[in-house]
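K.L.:
Each residue of the sequence shown is one higher than the one before, counting from 1 in UniProt numbering.
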Amino acid sequence: MVPSPSRETRSPLLPTRRSSTRRRLSVGCAGADDDAHPHPDREETHAPGPREHARERVVIGTGQAVVLGALQGLTEFLPISSSAHLRVAGELTGWGDPGAAFTAVTQLGTETAVLLYFRKDIWRIVRTWTLSLWRRKELRRDPDARLGWWIIVGTLPIGVLGFAFRDAIEGPARNLWLISGTLIGFGLLLGVVDRLATGRRTIDQLTGRHAVGFGFAQALALVPGVSRSGGTITGGLLLGYSRAAAARYSFLLAIPAVLASGVFELRKIVDGTDPVEWQPTLVATLVAFGVGYAVIAWFLRYISSEKHSFMPFVVYRVVLGLALIALLATGTISAT
């Protein structure tokens with residue numbers, strides 16, 4: 001296992017300089033050791049451009065890919081943040097940060113699970129919305145046609161903010177101090193809102209203004225530790241929607257955003273901007289799909305019961321955040 005860079009060579013919060021030379025880390029691979037791929041420090045030969053990234057290449061084995069894919073599938077749809085878990089798992093195991101590109105591509109697996117699970121709903125929404133463009137008088141008030149528009153409207157905030165702050169999202173936002181804070185803070189917010197909310201709105205009662213509100217709530221998930229489903233569901237509860245309606249809309253709302261993000265990151269993998277191994281990434285994506293599908297079915301059944309609440313997820317988030325703070329404070333793991 002290759003040791004993490006010392007504090008003299010890397011800031012605990014933000015990198016002060018970006019290197020133009022990529023270094024390769026061999027993590028968890030059979031026969032790999034510190035001397036297998038020597039890379040002595042080199043002088044920079046040119047000033048780094050604004051789009052260059054200093055993320056070191058992490059070579060992920062098949063076994064690690066299975067673990068990370070299962071972790072992605074387990075945590076993507078629960079309000080506990082999948083990106084935070086992938087980031088923390090990489091640090092705790094010594095595998096390294098798999099990176100924003102790996103995370104985004106494996107999310108394509110979980111989002112494919114959404115497409116399959118909600119295939120009838122999606123087909124009905126897409127068909128009705130498309131027909132409403134040509135037969136507007138007949139279908140413009142149809143709930144499915146309106147829902148199609150509200151999904152488009154709700155996707156705009158995360159699309160605009162994600163593009164505008166993509167450098168921060170792929171770098172500083174993955175700092176573990178920040179992640180520990182968002183795990184605790186947004187976990188407590190979810191708990192308070194869930195306890196106080198008495199909303200009974202259904203998804204058919206969604207309005208344009210509420211769609212925008214849902215959209216900004218989803219955009220909070222650009223920061224690892226917030227959770228896409230957690231942020232969206234919390235926003236929905238604040239707007240007066242039932243837990244089932246908020247969760248269902250959060251699944252549908254995530255489809256265009258996650259697919260667009262995954263395709264964007266695929267481009268970066270192909271051109272080498274964010275070096276990720278193809279084979280383990282595909283393995284992790286397939287595993288994430290299978291596990292994610294099972295989690296969707298279970299989660300929707302869970303929140304449909306009045307006997308259940310989000311409190312178990314709140315407690316888990318707080319405990320994980322506090323444990324993360326303890327590990328960081330003792331120097332057991334590095335924040336970056």
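Glycine residues also receive a C-beta, built at the ideal position from the N, C-alpha and C atoms.
Could you check what DSSP says for R201 in three-state terms: helix, strand or coil?
P.N.:
If you number the sequence shown from 1, residue 201 lands on position 201. Strand, per DSSP.
K.L.:
What are the start and end residues of the alpha helix (DSSP H) that includes G162?
P.N.:
As a working note, residue 162 is residue 162 in the sequence shown. Where G162 is concerned, the enclosing alpha helix (DSSP H) stretches over 143-164.
K.L.:
Is S261 near S229, with beta carbons less than 7 Å apart?
P.N.:
Here residue 261 refers to the residue found at position 261 of the sequence shown. Here residue 229 refers to the residue found at position 229 of the sequence shown. It is not a contact, given that the beta carbons lie outside the stated cut-off.
K.L.:
Do E265 and A101 have their beta-carbon atoms positioned less than 7 Å apart in this structure?
P.N.:
Residue numbering aside, residue 101 sits at position 101 when the sequence shown is read from its first letter. Residue numbering aside, residue 265 sits at position 265 when the sequence shown is read from its first letter. In this structure, E265 lies closer than 7 Å to A101 by Cβ.
K.L.:
Using C-beta distances below 8 Å, list every residue in its chain close to F313, excluding the 5 sequence neighbours before and after it, in chain order.
P.N.:
The count along the sequence shown starts at 1 and reaches residue 313 at position 313. Same-chain partners within the cutoff: L78, P79, I80, G187, L190, G230.
K.L.:
Please report the distance separating the alpha-carbon of L324 from that of H308.
P.N.:
Against the sequence shown, residue 324 aligns to sequence position 324. Against the sequence shown, residue 308 aligns to sequence position 308. Approximately 27 Å between the Cα atoms of the pair.
K.L.:
Report the option in T110, T93, G99 whose CA atom is closest to the CA atom of V258.
P.N.:
The sequence position of residue 258 within the sequence shown is 258, counting from 1. Checked all of T110, T93, G99; the closest Cα to V258 is T110.
K.L.:
Taking all protein chains shown into account, do 16 or more other C-beta atoms lie within 10 angstroms of the C-beta of R200, making it buried, or fewer, making it exposed?
P.N.:
For the purposes of this step, residue 200 is taken as the residue at position 200 of the sequence shown. Per the 10 Å Cβ criterion, exposed.
K.L.:
Expressed to the nearest angstrom, what Euclidean distance is found between the alpha-carbon atoms of D142 and G181?
P.N.:
Counting from 1 along the sequence shown, the entry for residue 142 is found at position 142. Counting from 1 along the sequence shown, the entry for residue 181 is found at position 181. Taking the CA atoms as reference points, D142 sits about 42 Å from G181.
K.L.:
As a quick exercise: from L133, L178, I169, S242, pick the residue whose alpha carbon is nearest that of A219.
P.N.:
Residue numbering aside, residue 219 sits at position 219 when the sequence shown is read from its first letter. Comparing Cα-Cα distances from A219 to each of L133, L178, I169, S242, the minimum goes to I169.
K.L.:
What number of angstroms, rounded off, separates the C-alpha of T93 from the C-alpha of R127?
P.N.:
Here residue 93 refers to the residue found at position 93 when the sequence shown is read from its first residue. Here residue 127 refers to the residue found at position 127 when the sequence shown is read from its first residue. About 46 Å.
K.L.:
When the Cα of I179 is compared with those of G148, A246, P224, F214, which residue comes out closest?
P.N.:
Working through the sequence shown from its first residue, we reach residue 179 at position 179. Selected option, being the one with the closest Cα: P224.
K.L.:
Give the straight-line distance between the Cα atoms of T202 and A245, rounded to the nearest whole angstrom.
P.N.:
Looking up residue 202 in the sequence shown gives position 202. Looking up residue 245 in the sequence shown gives position 245. The straight-line gap from Cα to Cα measures roughly 5 Å.
K.L.:
Between S305 and G331, what straight-line distance do the alpha-carbon atoms span, to the nearest angstrom?
P.N.:
If you number the sequence shown from 1, residue 305 lands on position 305. If you number the sequence shown from 1, residue 331 lands on position 331. About 42 Å.
K.L.:
What are the boundary residues of the alpha helix (DSSP H) that I179 is part of?
P.N.:
On the sequence shown, position 179 is the one that residue 179 refers to. First-last of the alpha helix (DSSP H) with I179: 176-196.
K.L.:
From the DSSP output, which residues share a beta bridge with R241?
P.N.:
Residue numbering aside, residue 241 sits at position 241 when the sequence shown is read from its first letter. The amino acid occupying residue 241 in the given sequence is Tyr; Arg does not appear at that position. R201, per the DSSP bridge assignment.
K.L.:
Find out if the Cβ-Cβ distance for the pair L237, A197 is shorter than 7 Å.
P.N.:
To locate residue 237, count along the sequence shown from 1; it is residue 237. To locate residue 197, count along the sequence shown from 1; it is residue 197. Yes, the pair counts as a contact, with Cβ atoms nearer than the cut-off.
K.L.:
By alpha-carbon positions, which one of T62, V88, L68 ends up nearest to L328?
P.N.:
In the sequence shown, counting from the first residue as 1, residue 328 sits at position 328. The shortest Cα separation from L328 among T62, V88, L68 belongs to V88.
K.L.:
Buried or exposed: where does V283 fall if 16 or more other Cβ atoms within 10 Å of its Cβ makes it buried?
P.N.:
On the sequence shown, residue 283 is found 283 positions in, with the first residue counted as 1. With 16 or more other Cβ atoms within 10 Å, it is buried.
K.L.:
Are the beta-carbon atoms of F118 and P157 separated by less than 7 Å?
P.N.:
Numbered from 1 along the sequence shown, position 118 holds the residue referred to as residue 118. Numbered from 1 along the sequence shown, position 157 holds the residue referred to as residue 157. No; because the gap between Cβ atoms is not below 7 Å, this pair is not in contact.
K.L.:
Out of I333, V318, K120, which has the shortest C-alpha to C-alpha gap to L183?
P.N.:
Numbered from 1 along the sequence shown, position 183 holds the residue referred to as residue 183. The shortest Cα separation from L183 among I333, V318, K120 belongs to V318.
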